[in-house]
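Asks: Structure provided below as structure tokens; questions to follow.
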Amino acid sequence: MELRKKILDEGHTSMFTLHPGSNKMYQDLKQKFWWTRMKREIAKYVSECNVCQRVKADHLKPASMLQPLAVPAWKWEDIHIDFIVGLPRTPKGIVSLHGVPQTITSDRGLLFVSHFWEQLQTALGTNLIHSSAYHPQTSGQVERVNQILEDMLRACALTYSTKWDECLPLAEFAYNNSYQNCLEMAPFEALYGRRCRTPLNWSEPGERVTFGPDLVTKAEEQVKFIHDNLKRAQSRQKSYSDKRRRPLIFEKDDHVYLKVSPMKGVHRFGVKGKLAPRYVGPFKITEQCGPVAYRPELPPDLAAVHDVFHVSQLKKCLRVPEEVVNTSQIQIQPDLTYEEKPMKILDQKQRSTRRTINFYKVQWSNHSEEEAT
Numbered sequence: 016m017e018l019r020k021k022i023l024d025e026g027h028t029s030m031f032t033l034h035p036g037s038n039k040m041y042q043d044l045k046q047k048f049w050w051t052r053m054k055r056e057i058a059k060y061v062s063e064c065n066v067c068q069r070v071k072a073d074h075l076k077p078a079s080m081l082q083p084l085a086v087p088a089w090k091w092e093d094i095h096i097d098f099i100v101g102l103p104r105t106p107k108g109i110v111s112l113h114g115v116p117q118t119i120t121s122d123r124g125l126l127f128v129s130h131f132w133e134q135l136q137t138a139l140g141t142n143l144i145h146s147s148a149y150h151p152q153t154s155g156q157v158e159r160v161n162q163i164l165e166d167m168l169r170a171c172a173l174t175y176s177t178k179w180d181e182c183l184p185l186a187e188f189a190y191n192n193s194y195q196n197c198l199e200m201a202p203f204e205a206l207y208g209r210r211c212r213t214p215l216n217w218s219e220p221g222e223r224v225t226f227g228p229d230l231v232t233k234a235e236e237q238v239k240f241i242h243d244n245l246k247r248a249q250s251r252q253k254s255y256s257d258k259r260r261r262p263l264i265f266e267k268d269d270h271v272y273l274k275v276s277p278m279k280g281v282h283r284f285g286v287k288g289k290l291a292p293r294y295v296g297p298f299k300i301t302e303q304c305g306p307v308a309y310r311p312e313l314p315p316d317l318a319a320v321h322d323v324f325h326v327s328q329l330k331k332c333l334r335v336p337e338e339v340v341n342t343s344q345i346q347i348q349p350d351l352t353y354e355e356k357p358m359k360i361l362d363q364k365q366r367s368t369r370r371t372i373n374f375y376k377v378q379w380s381n382h383s384e385e386e387a388t
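For the sequence shown, this note's numbering gives the first residue as 16, with consecutive numbering after it.
See the structure below:
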């Protein structure tokens, strides 16, 4: 057993092998060695390697099955909210009032988790629902609508050569008066019971208008029709989505790795974090916070990070290492990014074409000299 362990260590962790996959490692070792269930033992050894679990990308289907939110019972009772940022400044603003909503679903942006916002909505009797950390798919419909509105604003500003805030009412009108597959009608029609009049949809003189009890009955029938359509649309979306997903369940006291990424905007020769670790940890699961969300036990230096994560942000640790990477050395930010800084220049050379170009070999923070670029 001790000899086999030395062979496996040399075939996997040596500086001459550098953590190959299980099949490649087996093909290399079988040329010189053999023992009973050798391939299975190699696969188990590689799957439990702490370095491989932290740095290698997953090639599996995304974790967790789709969990649709409940379909609202009435108009404007349950809303989703998000911001489109990065727009030029404008002195104008648009506020649409439809009464106080029962629930507001949002991501965990600083404004949405602030004490003022939470106290304001508590006073109004509105229940706030926040997505799990770094999982924008919870408000996927809002993200999609924002994308459509951004495209509309670009097209409007380009076509009519005007400012974006002057295009905003046109974009809002165009979206609300256009057909939506999940509703089988336009949002304007779903809210007010009829399409908004336009040059292409102008009411004819003498058209019958619904009044009194008939109007209430028609509105209730329309809400039921929309509710059924949304349920069918959710069922279709879940069916299509689950074909490309896999269930992933953790138990209490399981150990998991947490997905991280280099800080946005930090480049190394035009490439972001090529040698960066993909995961940190492992951390112990302390609680399941819903069908697809878990709370790991984070160290004190990650106290600023919201500690409930969707399973897509987690990766099961198959063997708890004796030494765990200290996250304070990596200096992980609250948004689960980290900045890599140049530590020292190891080498320098010049290349001359039409002009002389200097090249430097740099050692980066969180990496050894062997990983310099």
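C-beta: ideal position from N, C-alpha, C; glycine also. Remember, it's a predicted structure, so these values are computed and weren't measured experimentally.
Under the three-state reduction of DSSP, which class applies to S367: helix, strand or coil?
Replies: In the structure shown, S367 sits in a strand (DSSP, three-state: E or B).
Asks: So which of F131, T28, E63 and H325 has the shortest CA-CA distance to L333?
Replies: Answer by Cα proximity: E63.
Asks: Rounded to a whole number of angstroms, what is the C-alpha to C-alpha distance between W49 and G305?
Replies: Distance between the alpha carbons of W49 and G305 is about 47 Å.
Asks: What residue does the alpha helix (DSSP H) around F131 start on, and which one ends it?
Replies: Note, F131: alpha helix (DSSP H), H130 to L139.
Asks: If you check the beta carbons only, do G26 and M16 fall under 8 Å apart?
Replies: No, the Cβ-Cβ distance between G26 and M16 is not below 8 Å.
Asks: Taking the beta carbon of N65 as the centre, do at least 16 other beta carbons fall within 10 Å, making it buried, or is it exposed?
Replies: Classification of N65: buried, given that the 10 Å Cβ count is 16 or more.
Asks: Where do the N-terminal and C-terminal ends of the beta strand (DSSP E) with H34 fall, by residue?
Replies: Premise fails: H34 is in no beta strand (DSSP E) and is neither H nor E.
Asks: Using the beta-carbon count (16 or more within 10 Å), is K364 buried or exposed?
Replies: Its Cβ having fewer than 16 others within 10 Å, K364 is exposed.
Asks: Start and end of the beta strand (DSSP E) containing G296?
Replies: Taken as a continuous stretch (DSSP letters only), the beta strand (DSSP E) holding G296 covers Y294 to Q303.
Asks: Smallest Cα separation from V377: which of T371, K359 and R366?
Replies: Comparing Cα-Cα distances from V377 to each of T371, K359 and R366, the minimum goes to K359.
Asks: Please report the straight-line C-alpha distance between L313 and D322, rounded to a whole angstrom.
Replies: Whole-angstrom Cα-Cα distance: 7 Å.
Asks: Let me confirm a value: L18 is counted as buried when at least 16 other C-beta atoms fall within 10 Å, else exposed. Which label applies?
Replies: So L18 counts as exposed.
Asks: Roughly how many angstroms separate the alpha carbons of E165 and S121, rounded to a whole number?
Replies: Taking the straight line joining both Cα atoms gives about 19 Å.
Asks: Assign E204 to buried or exposed, taking buried as 16 or more other Cβ atoms, counted over all protein chains shown, within 10 Å of its Cβ.
Replies: E204 should be labelled buried.
Asks: With a threshold of 6 Å on Cβ separation, who are the neighbours of H270 within its own chain once the five nearest residues in sequence on each side are excluded?
Replies: For H270, where only same-chain residues beyond five positions count, the Cβ hits under 6 Å are P297, K299, C332 and V335.
Asks: Span of the beta strand (DSSP E) holding A308?
Replies: Where A308 is concerned, the enclosing beta strand (DSSP E) stretches over A308 to P311.
Asks: If we cut at 8 Å on Cβ distances, does P184 have a partner in chain C?
Replies: Of the chains in the structure shown, none is chain C; there is only one protein chain.
Asks: Can you tell me which of N373, R366 and Q328 puts its alpha carbon nearest to the alpha carbon of R69?
Replies: Nearest of N373, R366 and Q328 to R69, Cα basis: Q328.
Asks: Considering I22, what are the terminal residues of the alpha helix (DSSP H) in which it resides?
Replies: Counting along the chain, the alpha helix (DSSP H) containing I22 begins and ends at E17 to H27.
Asks: Between which two residues does the beta strand (DSSP E) carrying K274 extend?
Replies: Here the beta strand (DSSP E) through K274 covers H270 to K274.
Asks: Please report the distance separating the alpha-carbon of R370 from that of R261.
Replies: Whole-angstrom Cα-Cα distance: 53 Å.
Asks: Whose C-alpha, out of K45, H130, F127 and P116, is nearest the C-alpha of L139?
Replies: Checked all of K45, H130, F127 and P116; the closest Cα to L139 is P116.
Asks: Mapping the DSSP letters down to three states, classify K279 as helix, strand or coil.
Replies: At K279, the pLDDT of 45 sits below 50, so the modelled position is not reliable; the number obtained from the coordinates is stated separately. In the structure shown, K279 sits in coil (DSSP, three-state: anything other than H, G, I, E or B).
Asks: Can you name, in chain order, every residue of its own chain whose Cβ lies under 6 Å from the Cβ of I372, other than the five neighbours on each side?
Replies: Same-chain partners within the cutoff: R366.
Asks: Residues in the same chain with beta-carbon distance under 6 Å from L23, minus the five sequence neighbours each way, listed in chain order, please.
Replies: Closer than 6 Å at the Cβ level, and outside the excluded window around L23, lie Y60.
Asks: Quick check on this structure: which residue in H130, N142 and F131 has the alpha carbon closest to the alpha carbon of T118?
Replies: Measuring from the Cα of T118, the nearest candidate turns out to be N142.
Asks: In whole angstroms, what separates the C-alpha of A186 from that of L168?
Replies: Cα-Cα distance, rounded: 6 Å.
Asks: Going by other Cβ atoms of all chains shown within 10 Å of its Cβ, with 16 needed for buried, is I57 buried or exposed?
Replies: Label assigned to I57: buried.
Asks: Quick check: R293 and E302, are their CB atoms within less than 8 Å of each other?
Replies: Contact: no.
Asks: Which stretch, first to last residue, makes up the beta strand (DSSP E) that contains Q264?
Replies: Gln is not the amino acid found at residue 264; the sequence shown has Ile there. No beta strand (DSSP E) holds I264; DSSP gives it neither H nor E.
Asks: Starting from I329, trace the alpha helix (DSSP H) in both directions and tell me its first and last residue.
Replies: Checking the displayed sequence, the identity of residue 329 turns out to be Leu instead of Ile. First-last for L329: L329 to K331, but that is the beta strand (DSSP E), not the alpha helix (DSSP H).
Asks: Alpha carbon to alpha carbon, what distance is there between K20 and R52?
Replies: Computed Cα separation, rounded: 14 Å.
Asks: Check the C-beta distance from V295 over to V326 and give it rounded, since I have them as a contact under 8 Å.
Replies: At roughly 17 Å, the Cβ-Cβ gap does not stay under 8 Å, so V295 and V326 are not in contact.
Asks: Determine the direct distance from the alpha carbon of F374 to that of P35, and round the result to whole angstroms.
Replies: Looking at the two C-alpha atoms, the distance is approximately 30 Å.
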